[in-house]
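Below is one structure, written out as structure tokens, with a few remarks after it.
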Ligand code: GLA
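Residue numbers (this note's numbering): 1495 to 1884.
This is the structure we're talking about:
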């Protein structure tokens, strides 16, 4: 769909002749550093060129009216600006409403109503951060509309807080950070403990980033995610009896190996092992990239998948089949990306071999799993922004 069509629909849906301002925030794909962002470790995501658009205009009344072109059947949702609380019937709109609530809670003035319409082109429920993109796009739109003057990093933090507190999903900061702070043709290495970060060029000659979507429904994803967080917290508490540390990400592999026996619960020990090693892998991978060593980067991606499969246990037959098939069909590296339990893999593939690669992996996946995977060749895009030249 073209953004011009979205603007047209905006006028029609809200019965206005006003154009509205247009904003965009991307989804993300994480290249390495998985389940490290709530363990004080490093992540290395890039923004996609896919994401969520918002068209918005201020009104003179006290109502917020929200509409999504992805959920036309739900229709317009209306809420009083000073009376927002989570409600299941609001469905998708709880994400933007959470942003309004958090902004007003921390003291920003949203003193009139507004109309806002969304259109997203990220595949639904694929673990490519459609929720972070809707949060960020709402936040930057309101920032501009009500001249709130909030900087991007603050909007990233508020968006994460909104997802944690309003939507009850205990996520780390990676998705919102990637959606807000990424740059075209770069991935961002973020230390989630200090929030220091650096943009790293990710446009590789002759190599493409391929995302494969398992199309598996991510049924228990949120509860399993929260369970992993609890397991890591317990492991950390056991290690804090011997180390003065705040996060599992503070440990080297060697320190972990020498002290892992203090974690009595073997499951918690495996989870902690992943968190420690995965953090170090992310750092090593970015160093390899800086040295132009893409093979080592790919190898570390593969090791990341093994660890997520064997120690963190968040993959499952669909993701494992896609990764194994990618490894067997010439990927430089391939791993699950995002929370897991379904969702997508990310692979680095020689551009000249992409057609064969996709054909073979698609066939092998369908033969084994019984339904099709989807494939997207993606480029690293810019973070959240206003769209002015339409
Ligand atoms: C989800 C969460 C992120 C991160 C990843 C796993 O995408 O929203 O904060 O924890 O899972 O790396």
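A virtual CB, placed ideally from N, CA and C, is assigned to each residue, including glycine.
Closer than 7 Å: residue i CB and nearest ligand 1 heavy atom
i: residue 1665; result: yes
i: residue 1545; result: no
i: residue 1668; result: yes
i: residue 1532; result: yes
i: residue 1766; result: no
i: residue 1564; result: no
i: residue 1833; result: yes
i: residue 1693; result: no
i: residue 1781; result: no
i: residue 1957; result: The structure shown does not extend to residue 1957, since the chain spans only 1495 to 1884, so no value can be given for it.
i: residue 1685; result: no
i: residue 1658; result: no
i: residue 1661; result: no
i: residue 1524; result: yes
Among the options, the one whose alpha carbon lies nearest that of residue i
i: residue 1741; options: 1531, 1788, 1496 and 1572; result: 1531
i: residue 1856; options: 1875, 1557 and 1812; result: 1812
i: residue 1784; options: 1515, 1633 and 1692; result: 1692
i: residue 1594; options: 1622, 1666, 1880 and 1633; result: 1633
i: residue 1496; options: 1719, 1612 and 1801; result: 1612
i: residue 1765; options: 1788, 1776, 1730 and 1738; result: 1730
i: residue 1573; options: 1548, 1601, 1791 and 1606; result: 1606
i: residue 1600; options: 1651, 1556 and 1755; result: 1651
i: residue 1566; options: 1504, 1516, 1545 and 1520; result: 1504
i: residue 1877; options: 1546, 1511, 1533 and 1507; result: 1546
i: residue 1845; options: 1834, 1833, 1824 and 1836; result: 1824
i: residue 1610; options: 1596, 1743, 1616 and 1514; result: 1514
i: residue 1816; options: 1867, 1770, 1777 and 1558; result: 1867
Host alpha helix (DSSP H) of residue i (start-end)
i: residue 1609; result: Residue 1609 -> not in any alpha helix (DSSP H); beta strand (DSSP E) instead, spanning 1608–1614.
i: residue 1506; result: 1497–1507
i: residue 1588; result: 1588–1599
i: residue 1856; result: 1848–1863
Within-8 Å CB hit, residue i to chain D
i: residue 1729; result: Going by chain labels, chain D is absent from the structure shown, which holds only one protein chain.
Where the beta strand (DSSP E) through residue i begins and ends
i: residue 1533; result: Premise fails: residue 1533 is in no beta strand (DSSP E) and is neither H nor E.
i: residue 1871; result: 1868–1872
i: residue 1521; result: 1515–1524
i: residue 1545; result: 1539–1552
i: residue 1571; result: 1571–1574
i: residue 1707; result: 1701–1707
i: residue 1602; result: First-last for residue 1602: undefined, no H or E at that position.
i: residue 1560; result: 1557–1562
Nearest-angstrom Cα separation, counted from residue j out to residue i
i: residue 1793; j: residue 1782; result: 10 Å
i: residue 1711; j: residue 1664; result: 20 Å
i: residue 1554; j: residue 1579; result: 22 Å
> Residue ranges of each alpha helix (DSSP H) run of no fewer than 4 residues wholly in the region 1733–1782, ordered along the chain?
Replying inline: 1747–1753
> Which whole runs of the beta strand (DSSP E) in the region 1637–1690 are 3 residues long or more, in chain order?
Replying inline: 1680–1685
> Unbroken beta strand (DSSP E) runs of length 3 or more, entirely within the region 1781–1837: which are they?
Replying inline: 1827–1831
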